[in-house]
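Residue numbering for the sequence shown follows our numbering, starting at 586 and increasing by one per position.
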Amino acid sequence: MRKPFVAGNWKMFKTVAEARHLVSELVPGLQPILEVEKAICPPYTTLLAVAALLEGTDIGLGAQNMYWKESGAYTGEIAPGMLAELCNFVILGHSERRAYFGESDETVNRKVHAALAHDLTPIICVGETLAENETGRTAEVVSRQLREGLAGLSDGEELLEESASSLVIAYEPIWAIGTGKAATIEGANAVVADIIRPVVADLFSESFAQAVRVLYGGSVKANNAAEFFNQPDIDGALVGGASLNATEFTRIVQAAAP
Ligand code: PGA
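Shown next, in the form of structure tokens:
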């Protein structure tokens, strides 16, 4: 049994004061939903304040990116060890980072290794563009992102205790992100069942592929979340826009409870 997991990706929204306000609204609603693992991923500048507010709750904290080096002259970057003091999760390879900031499968792979070495659970994002989808290239693109993003882990010690909970995969068809146009529910489940889990089984093992959690992301809202969560291979969601509203995000987490 895979425990449902819902993470909120706040993207580049919320000052410290605004983040404190949103978290104070979120905690009372999210805390009682014990059957679902929850996390929020706010901007770097708010992590310290949000970490303090989440202390003593079972709500996880994640960053939205990081660099793979331990330290050094890398102006503007954030090291894994800096995040590990505050966070449990880190989103890696989000399509916005791939599209606007030069993220590649190779840099995602370096970051995945660095995250695992620091006990940060990577939420690894994969997904095809609209053009790739329409030309029937979804399987090719998603397989490549997984094989290259997860390269070198299968025989490495980084895959913590060989536990499938040491990483999370998010399938986010790029054309469904922030567009209000969610993927078809069955289509999203089919990508997870027929492409993502088989590739993970090939890289690691069948039991790992059946145990690892795969989220759907892209225009998940309170009014469509349950339909995604009812699909057998979708274990939760990575929520963007709808995670900025406490009522909406809480309803999405509630929908993930079995
Ligand atoms: P969205 O974003 O829910 O606003 O579509 C999802 C994501 O980018 O993770």
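All residues carry an ideal CB built from backbone N, CA and C; glycine is no exception.
Going by beta carbon distance, what residues of the same chain come within less than 7 angstroms of W760, once the five residues before and after it are set aside?
Walking along the sequence shown from the start, residue 760 turns up at place 175. Beyond the five residues adjoining it in sequence on each side, W760 comes within less than 7 angstroms, by CB distance, of T714, L715, N718, K766 in the same chain, given in chain order.
Is any heavy atom of the ligand PGA found at a distance shorter than 7 angstroms from the C-beta of I709?
Position 124 of the sequence shown holds residue 709. I709: no, Cβ never under 7 angstroms from the ligand PGA.
Quick test of the definition: if touching needs 3 or more C-beta pairs under 8 angstroms, does the segment 792–810 touch the segment 828–840?
The segment 792–810, when compared against the segment 828–840, does touch it at the 8 angstroms Cβ threshold.
I559 beta carbon near the ligand PGA (any heavy atom closer than 7 angstroms)
Nothing can be reported for residue 559, as the shown portion of the chain is limited to 586 through 843.
Does the segment 703–712 come within contact of the segment 666–679, defined as at least 3 CB pairs closer than 8 angstroms?
yes
With a threshold of 7 angstroms, establish whether the CB of E603 neighbours any heavy atom of the ligand PGA.
Indexing the sequence shown from 1 puts residue 603 at position 18. Checking the Cβ of E603 against the ligand PGA gives no.
6 angstroms Cβ shell around L671 - same chain, five flanking residues per side excluded
Taking the sequence shown and counting its residues from 1, one reaches residue 671 at position 86. Closer than 6 angstroms at Cβ, skipping near neighbours: L632, A636.
Reduced DSSP secondary structure (H/G/I, E/B, other) of L829:
Counting from 1 along the sequence shown, the entry for residue 829 is found at position 244. Looking at L829 - three-state DSSP - the assignment turns out to be helix.
A796 CB to nearest heavy atom of the ligand PGA below 7 angstroms
Position 211 of the sequence shown, counted from the first residue, corresponds to residue 796. For the ligand PGA, not one heavy atom lies less than 7 angstroms from the Cβ of A796.
V784 versus G641: straight-line alpha-carbon distance, rounded:
Along the sequence shown, one-based indexing puts residue 784 at 199. Along the sequence shown, one-based indexing puts residue 641 at 56. Cα to Cα, V784 sits roughly 37 angstroms from G641.
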